[in-house]
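These notes are about the structure you will find just below.
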Amino acid sequence: MKKIIAIFLMLLIAFSFTAEGQCAMCRAVLESGEGQDIAEGVNSGIKYLMLFPYLVIGGLLFFIYRKYRHSS
Numbered sequence: 082m083k084k085i086i087a088i089f090l091m092l093l094i095a096f097s098f099t100a101e102g103q104c105a106m107c108r109a110v111l112e113s114g115e116g117q118d119i120a121e122g123v124n125s126g127i128k129y130l131m132l133f134p135y136l137v138i139g140g141l142l143f144f145i146y147r148k149y150r151h152s153s
């Protein structure tokens with residue numbers, strides 16, 4: 082089983098693709114001084130999208146903690 086997981090992880094790493102954080106137009110607008118409202122909107126969107134992975138991981142850790150606390 083460990084061999085299968087190791088092979089899967091090696092293939093996953095070998096065939097991964099790089100992703101750009103922003104398109105060229107978004108980057109140009111954010112780097113210029115004119116799009117302050119747009120930049121604030123993009124930053125708010127990033128914060129919103131980053132919130133949910135932390136909530137999911139925090140929830141999982143909470144349930145794991147609660148499970149081990151009740152079993153001991």
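Residues are numbered in this note's numbering as their position in the sequence shown, beginning at 1, plus a constant of 81.
For every residue, glycine included, the Cβ atom is placed at its ideal position computed from N, Cα and C.
Computed from a prediction, not measured in an experiment: that's the story for all the values here.
inquiry  = Distance check for Glu115 and Leu92, CA to CA, integer angstroms please.
reply    = Rounded to whole angstroms, Leu92 to Glu115 spans 44 angstroms at the Cα level.
query = DSSP state of Ser152, grouped into three classes?
reply = Note: Ser152 maps to helix in three-state DSSP.
Simplified DSSP assignment, three categories, for Met131 = The answer is helix: DSSP assigns Met131 an H, G or I state.
query = When the Cα atoms are used, what is the spatial distance from Phe144 to Ser152?
reply = If I take the Cα positions, the gap works out to 12 angstroms.
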